[in-house]
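**Q**
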Amino acid sequence: GAVVSQHPSRVICKSGTSVKIECRSLDFQATTMFWYRQFPKKSLMLMATSNEGSKATYEQGVEKDKFLINHASLTLSTLTVTSAHPEDSSFYICSAFRMEDGEQYFGPGTRLTVT
Amino acid sequence: AQSVTQLGSHVSVSEGALVLLRCNYSSSVPPYLFWYVQYPNQGLQLLLKYTSAATLVKGINGFEAEFKKSETSFHLTKPSAHMSDAAEYFCAVSERPNAGNMLTFGGGTRLMVKP
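Just so you know, the sequences run in chain order A and B. Using the numbering used here, the letters of the first sequence map in sequence onto residues 1 to 115. Using the numbering used here, the letters of the second sequence map in sequence onto residues 1 to 115.
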């Protein structure tokens, strides 16, 4: 089956630093990947759509300068949280769209804690 | 605009009992509806989806859901719960039949199965 990985699974960083989260499609190519944020006891909120070789499309209210997305290859998209603050602490989940079956496949998520 | 409401953030059933997880949606266009399951430390996995064909949709692991337009509902059921069904379940809606388009998620329901 289609597998999507995320690294790291958990990260703790100090306020003001930046942290990068990787999303990889391990056995298929994905021209489109999605980044979601999940608050405690809340639903997944789409942050942005990442397209290989072009700029990401951000949802309303998401600061593109704070959440930098790079989709440099057909199997890798990265989300960098710049100048992180405690309010950025959350669970970040990515998904990758597989053309062969038209489905999104989700990564296991990354728990970010900013102290 | 689309939205999804999942009634009950936690549902507890006994092993062997009926599972019923509720999902109501709001959509200005004919909706495409999905149920995903998330096991601890794993990504979301597609259980089933409704794409305007049969209103009763059968999915994996014995789950099924029925699309009821008059009630704007897409409740998930399983006749007999297993311990392995304990997980977080998400209902989602999209404007497109394949999940490559943006998904709007409900808040999730945590299913607990008692022995």
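Cβ atoms here follow ideal geometry from the backbone N, Cα and C, with glycine treated the same way. Values in this document were obtained by computation on a predicted structure and should not be read as measured data.
State the Cα-Cα distance for the pair K64 (chain A) and Y58 (chain A), rounded to the nearest angstrom.
**A** Stepping through the first sequence from its first residue, residue 64 (chain A) is reached at position 64. Stepping through the first sequence from its first residue, residue 58 (chain A) is reached at position 58. Those two C-alpha atoms are separated by around 7 Å.
**Q** Restricting to Cα atoms, I'd like to know which of A:G109, A:T115, A:V114, A:Y105 is closest to L46 (chain B).
**A** As a first step, residue 46 (chain B) must be located in the second sequence, where it is residue number 46. It is A:Y105.
**Q** From which residue to which residue does the beta strand (DSSP E) around F28 (chain A) run?
**A** Taking the first sequence and counting its residues from 1, the one referred to as residue 28 (chain A) is at position 28. From DSSP, F28 (chain A) is part of no beta strand (DSSP E); its letter is neither H nor E.
**Q** Which partner residues does N51 (chain A) have in the DSSP bridge list?
**A** On the first sequence, residue 51 (chain A) is found 51 positions in, with the first residue counted as 1. Beta-bridge pairing links N51 (chain A) to A:T32.
**Q** Using a Cβ distance threshold of 8 Å, determine whether the region 73–83 of chain B contacts the region 52–65 of chain B, with at least three qualifying pairs required.
**A** These segments touch.
**Q** Would DSSP call S73 (chain A) helix, strand or coil?
**A** Sequence index remark: in the first sequence, residue 73 (chain A) carries index 73 (1-based). In this structure, S73 (chain A) counts as strand in the three-state DSSP scheme.
**Q** Report buried or exposed for T115 (chain A), applying the criterion of at least 16 other Cβ atoms within 10 angstroms of its Cβ.
**A** Here the question's residue 115 (chain A) lines up with position 115 in the first sequence. Exposed is the call here.
**Q** Identify, in the order they occur along the chain, each residue of the same chain with its Cβ nearer than 8 Å to the Cβ of T131 (chain A), setting aside the five sequence neighbours on each side.
**A** Beyond the ends of chain A as shown, which are 1 and 115, falls residue 131 (chain A); an answer cannot be given.
**Q** Can you name, in chain order, every residue of its own chain whose Cβ lies under 6 Å from the Cβ of F34 (chain B), other than the five neighbours on each side?
**A** Here residue 34 (chain B) is taken as the residue at index 34 of the second sequence, counted from 1. So the qualifying residues of the chain are K49, A92.
**Q** Tell me which same chain residues have a C-beta within less than 6 Å of the C-beta of K66 (chain A), skipping the five on either side of it?
**A** Position 66 of the first sequence, counted from the first residue, corresponds to residue 66 (chain A). Closer than 6 Å at Cβ, skipping near neighbours: T82.
**Q** Using only CA atoms, which one of A:V3, A:L26, A:A84, A:Y92 lies nearest to M45 (chain A)?
**A** Sequence index remark: in the first sequence, residue 45 (chain A) carries index 45 (1-based). Among A:V3, A:L26, A:A84, A:Y92, the Cα nearest to that of M45 (chain A) belongs to A:Y92.
**Q** Got a sec, what are the start and stop residues for the beta strand (DSSP E) T110 (chain A) sits in?
**A** Residue 110 (chain A) sits at position 110 when you count from the first residue of the first sequence. Counting along the chain, the beta strand (DSSP E) containing T110 (chain A) begins and ends at 110–114.
**Q** Please specify which runs of the beta strand (DSSP E), each continuous and at least 3 residues long, are wholly inside the region 52–78 of chain B, giving them in chain order.
**A** List check, beta strand (DSSP E) in window: 56–58, 64–68, 73–78.
**Q** Could you have a look at S84 (chain B) and say whether DSSP puts it in helix, strand or coil?
**A** Taking the second sequence and counting its residues from 1, one reaches residue 84 (chain B) at position 84. Looking at S84 (chain B) - three-state DSSP - the assignment turns out to be helix.
**Q** Nearest chain A C-beta to F105 (chain B) closer than 8 Å, yes or no?
**A** Locating residue 105 (chain B) in the second sequence gives position 105, where the first residue counts as 1. It does; some Cβ of chain A falls within 8 Å.
**Q** Please report the straight-line C-alpha distance between Q29 (chain A) and A72 (chain A), rounded to a whole angstrom.
**A** Residue numbering aside, residue 29 (chain A) sits at position 29 when the first sequence is read from its first letter. Residue numbering aside, residue 72 (chain A) sits at position 72 when the first sequence is read from its first letter. Each residue's alpha carbon lies about 12 Å from the other.
**Q** May I have the straight-line CA-CA distance separating P115 (chain B) from G1 (chain A), to the nearest angstrom?
**A** For the purposes of this step, residue 115 (chain B) is identified with residue 115 of the second sequence, where counting begins at 1. For the purposes of this step, residue 1 (chain A) is identified with residue 1 of the first sequence, where counting begins at 1. Whole-angstrom Cα-Cα distance: 31 Å.
**Q** Can you pull the chain B neighbours of Q60 (chain A), defined as C-beta to C-beta under 7 Å?
**A** On the first sequence, position 60 is the one that residue 60 (chain A) refers to. Chain B residues near Q60 (chain A): none, gap ~11 Å exceeds 7 Å.
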